[in-house]
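Written below as structure tokens is the structure these notes are about.
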Amino acid sequence: MITITVNGQQHDVDAEPNMPLLWVIRDILGLTGTKYGCGAAQCGACTVHLNGEAVRSCVTKINRAAGQNIVTIEGLSAHNNHPLQLAWNEMNVPQCGYCQSGQLMSAAVLLRENPNPTDQDIDDAMSGNICRCGTYQRIRSAIHKAAEMQTEGAKI
Amino acid sequence: METNEISRRNFLRVSSVAGTALCLGVYFPANAKKGRLNSTANPEQPGVELNAWMRIDTDGKVTLTDHRAEMGQGSYQSVPQIIAEELEVNLADVNIIFAQGSQNKYGSQITGGSSTISSSYKNLLKLSATAREMLITAAAAKWAVPTSECYAESGSVIHKPSGKKFHYGELVADASKLEPPKEVTLKKRSEYKLIGKPLKRRDTPMKTDGTAIFGLDKRVPGMLFASVERNPRLRGKIKSFDDSEAKKVPGVTKVFKINMKVFNTMREGVAVVATSTWAAMQGRRALKIEWDDTGFEHINSADIYKKHEELLKTKEGLSFKKQGDPNAALASADKKVDAIYQTPYQAHAAMEPLNCVAYYQGDKVEVWGPIQAPDWVQGDLAKQLNLKPEQVTVNMTFLGGGFGRKAFLDYPYEAVIISKELKAPVQVVWTREDDMTQGPFRAGVSYRCEGAIKNGEVTAMKFRMAGQNIDHWSGPDRSKPNESTAESFLKPYFKSIDNISFADVPYEMPLPNMWWRSVYASTNGFGYESFMDEMAHAAGKDPLEFRRSYLKDEACQALITRLEDVSGWKSREKNSGYGTAITECFGSTVGQVVKVSRTSSGGIKIDKVWAVMDCGWYVNPDIIRAQVEGSIIMALGAATAHEITFKDGLPEQHNFYDYKMPRINDVPPIEVHIMENTSDATGVGEPGLPPFSPALTNAIFDLTGKRIRKLPFNMNAV
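Line by line, the protein sequences are chains A and B. Going by the numbering used here, 881 is the number at position 65 of the first sequence; the sequence numbering is gapless. Going by the numbering used here, 1513 is the number at position 341 of the second sequence; the sequence numbering is gapless.
This is the structure:
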């Protein structure tokens, strides 16, 4: 048994220690918002937060996550209301939507560490996430929008 | 349950079940002359299914159906947005569901050819307006007032003089007993409240909190997971396999050999079934398989293109279209252009790898998956399993991209035969590597384009394409040319240029190939519009002015003027890196201008892309903009970043590390404009793709004088 905390809830997981976190989350815990895209840390569709850091869950073995804190897209906010989620809805970012959980999880770390990112900062933080539908231009705008919303929120 | 053929005029009928629930409706096939009475029976949910697309429950709940796949292009929003307009319901209040595959209920469900809106909007408008009028008639009868005093709004019928109101749920029982009116008045475009507005997509919230269910997310009680090792040589077989190590992997429950159908050939593989996707994949890695490649052709990419060139230089090919005598005009030309353009093989590489859940139970089969053509899958499974179509239930999930690959029938069938062997539900998951290396691929095609100029005017254009032909791959008739040989070429050119010919020079190959977003226009566009630029230069004319002088049609003239205005074309400096291309695809015309510059390290940078889309009548301008933006980025990848090459019969690319995708730092700003006109609706999801690569290489020619005739090319080494 390996104990992990996912979205604030503790789970005792019966899994091979080398099973990637991605498949534990999806197939054992049944949280399917985190996606399989490449299995090789190339596309970012599987991005989750491990102790607040964005990691590629497809190459993160479960024993590396033992006893630690994991947040998936399902835990990013309580009501789909993280500034990024609001901005994603506001700017009509997703097309097929498959990569967007990973895009949001990567962007969330960027925005936490850098409340006012430049285009270059966005490129640096987001270039690990592929979107085959080509929503990049809107992702960029939505991150700027979320940064604004976050700042305005902070003022209030 | 009783099923009858009934006349179209009686398409709306109701019966009561258990005295309370109204559960029968009449399906109204999109293109059929007759309606079909069918059960929608669910006594728990009393309501009337007014037709295949809309159901109103007696409590007023409205459910609208998206009969096409949602793979990013927006059918989940656009189809209900059309229905809600004439039905007079609030889009925010309705429940939207995906249709199941059906042979006759909706007309075609194949989500391809950018046809979702163009093929169904007129019918949907009429059906919705008919339902609304019947609800109004029912209300007027209840109040004993003239229908002219009543109107519908927000899911209710209102009696204008008194302000009395019935919500639709209170009217469906009466309305459903009425004869539908023969004629209904449709709204004018200026009266639309929803159509033409950039409404937010209803699927967005589900795609930002992880709740949207894609094929890979589908779970069925008792479901197992499978991963299949298929012969990497695409048409090879299995000599023998050893599964002793695979079976030792914890979680692996079963290993067996399967056949997978790819068009008319069978591919062999070994399925590993387990309690998790990971265990199945691990078990698969532990297999030892000896492949049998007897009779297999050891294909290499370099040979393919050498052969294309040889064919284009020696064969006239199968004539597809011809007017005048291009050879004679070429012989008497003052100036000639004669060039060969080459395009690569491509994988579809949707972000969601192929997968399908299947549950075979003898006399019935159910599948769930990211499926572009649920009606085709139903028909194919029924045929292959010797079942009736109604014994096969095909459920569409959201698709994590499709681009044509998910309109193929192999992966649902493979999942079904694995479930049949297991006698249990199973999800078959393709790895990224499976998805990328197994095909079918977009075929790499080469073009020879010849043009004649006399006294400064174009007198002839002669086009030949060489390569694999989708028509030939699936059909037996080798004597007919590819029906898409002239795809992307604008029809008005035929009126202004006397001598034009298109011919297809087939090159039969055993590589599996099929449609890929924008299909032949995706490669034709590069050949034909690069050539058009070369012709403009040979004629000494401005590339956009050149096109304007031969595209006399009013819509093209308007599009060119718009493109010129939005891109600042006229005020550009000479040789400052502007290029243009205009193509037609699935009825829509798209013109683009690309602006490039040199980077400090000597590469090429795209500064900006302007696109003008003419798709006639349209539903949601923001979805159109998104589709054109995405098409341009997909074209950017195919032009500058990735290709599938073959060595010894094996694809040489496997995953995103060697099939490189454009990333956020690679994409230029894109500005999309939509033409307003009164033409019928045409395609949206694909037509934005074909003009990009020629507009880009034409821009590079403008800046550097270097003509790029082979894709993909390296932007850092021009």
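All residues carry an ideal CB built from backbone N, CA and C; glycine is no exception.
CB contact check: residue i to chain A, cutoff 7 Å
i                : result
T1380 of chain B : yes
I1590 of chain B : no
I1842 of chain B : yes
N1827 of chain B : yes
V1856 of chain B : no
W1548 of chain B : no
I1805 of chain B : yes
T1812 of chain B : no
M1847 of chain B : no
G1394 of chain B : no
Test: residue i CB closer than 7 Å to a CB of chain B
i               : result
Q966 of chain A : no
M942 of chain A : yes
Q919 of chain A : no
I889 of chain A : yes
A857 of chain A : no
P833 of chain A : no
D843 of chain A : yes
Q884 of chain A : no
I878 of chain A : no
T863 of chain A : no
Q826 of chain A : no
P933 of chain A : no
D939 of chain A : yes
P899 of chain A : no
For residue i, the three-state DSSP class (helix, strand or coil)
i                : result
Y1517 of chain B : strand
H1480 of chain B : helix
A1190 of chain B : In this prediction, A1190 of chain B scores a pLDDT of 26, lower than 50, which makes its location untrustworthy; the coordinate-derived value is nonetheless stated afterwards. Correct three-state label for A1190 of chain B: coil.
D843 of chain A  : helix
S1399 of chain B : strand
A1624 of chain B : strand
A1213 of chain B : No answer about A1213 of chain B holds up, because its pLDDT of 37 lies below 50 and its placement is not dependable.
N1567 of chain B : strand
Y1293 of chain B : helix
N1837 of chain B : helix
T1876 of chain B : helix
C949 of chain A  : coil
G824 of chain A  : coil
H960 of chain A  : helix
E1305 of chain B : helix
T1288 of chain B : helix
P1218 of chain B : A caution first: P1218 of chain B carries a pLDDT of 45, below 50, which makes its placement in the model unreliable, though a value can still be read off. If DSSP states are grouped into helix, strand and coil, P1218 of chain B belongs with coil.
R1604 of chain B : helix
Y1340 of chain B : helix
R1734 of chain B : helix
Exposed unless 16 or more other CB atoms sit within 10 angstroms - verdict on residue i
i                : result
R1361 of chain B : exposed
Y1722 of chain B : buried
D1830 of chain B : exposed
P931 of chain A  : exposed
G1244 of chain B : buried
M817 of chain A  : exposed
P1393 of chain B : exposed
Test item: CB-CB of residue i and residue j under 7 Å
i                : j                : result
L920 of chain A  : A941 of chain A  : no
A1519 of chain B : I1816 of chain B : yes
G1341 of chain B : D1231 of chain B : yes
A1615 of chain B : V1600 of chain B : no
G1273 of chain B : Q1550 of chain B : yes
A1632 of chain B : N1671 of chain B : yes
I1269 of chain B : R1374 of chain B : no
M1902 of chain B : T1657 of chain B : The shown model of chain B, from 1173 to 1890, leaves out residue 1902 of chain B, and the question about it has no answer.
Y1583 of chain B : L1526 of chain B : yes
Distance cut-off 6 Å: residue i Cβ against heavy atoms of the ligand GTP
i                : result
V1400 of chain B : Among the ligands in the structure shown, none appear at all, so the ligand GTP cannot be discussed.
Partners in chain E for residue i, counting only beta-carbon separations shorter than 8 Å
i               : result
P836 of chain A : Any reference to chain E falls outside this structure, whose protein chains are A and B.
Within the chosen definition, does the stretch 1396 to 1407 of chain B reach the stretch 1456 to 1468 of chain B through at least 3 CB pairs nearer than 8 Å? yes
Practice prompt. Could you tell me whether the stretch 1413 to 1429 of chain B touches the stretch 1450 to 1457 of chain B, using the rule of 3 or more Cβ pairs below 8 Å?
Written response: yes
Segment contact flag, the stretch 1840 to 1856 of chain B with the stretch 1792 to 1810 of chain B, C-beta cutoff 8 Å, min 3 pairs
Yes, since at least three Cβ pairs between the stretch 1840 to 1856 of chain B and the stretch 1792 to 1810 of chain B fall closer than 8 Å, the two stretches touch.
>> Measuring CB atoms only, is the stretch 881 to 898 of chain A touching the stretch 1369 to 1383 of chain B, in the sense that at least three cross pairs come out at less than 8 Å?
In response: yes
_Across the stretch 1294 to 1306 of chain B and the stretch 1346 to 1364 of chain B, are there enough close Cβ pairs to call them in contact, namely three or more that are closer than 8 Å?_
The stretch 1294 to 1306 of chain B is in contact with the stretch 1346 to 1364 of chain B.
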